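Numbering (our numbering), first residue to last: 2 to 102. Below is one structure; the comments refer to it alone.
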């Protein structure tokens with residue numbers, strides 16, 4: 002069973018991703034789910050991966066789950082590491098120059 006993070010940790014990460022990294026969310030979804038997301042919002046995560054809701058060009062929404070690249074995690078610091086790894090890999094796959102971390 003996947004590690005469940007405390008609600009305050011989940012809320013803080015989601016707030017950060019959906020406020021400070023709005024352009025990263027659809028990039029990650031496009032690279033890992035192979036769908037043409039025009040926007041996306043991170044909606045949750047656990048020790049095995051993250052969840053996003055993607056908005057498609059026709060206005061439909063699609064729920065996406067992406068596993069952490071490094072495998073299962075169980076601490077807050079690892080969440081940041083895994084999201085950064087998703088972002089870096091997404092940039093590489095899509096030919097986007099990543100910004101510095």
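By construction, the Cβ of each residue, glycine as well, lies at the ideal position given by its N, Cα and C atoms. Here the structure is a predicted model, which is why all the values come from computation and not from measurement.
Per DSSP, which one or two residues make a beta bridge with residue i?
i          : result
residue 35 : Answer by DSSP bridge pairing: none, since residue 35 is not bridged.
residue 45 : 52
So, helix, strand or coil for residue i, using DSSP?
i          : result
residue 20 : helix
residue 85 : helix
residue 54 : strand
residue 9  : helix
Is the beta carbon of residue j closer than 8 Å to that of residue i?
i          : j          : result
residue 29 : residue 57 : no
residue 55 : residue 41 : yes
Check the C-beta distance from residue i over to residue j and give it rounded, since I have them as a contact under 8 Å.
i          : j          : result
residue 45 : residue 11 : 7 Å
Got a sec, what are the start and stop residues for the beta strand (DSSP E) residue i sits in?
i          : result
residue 65 : 62 to 68
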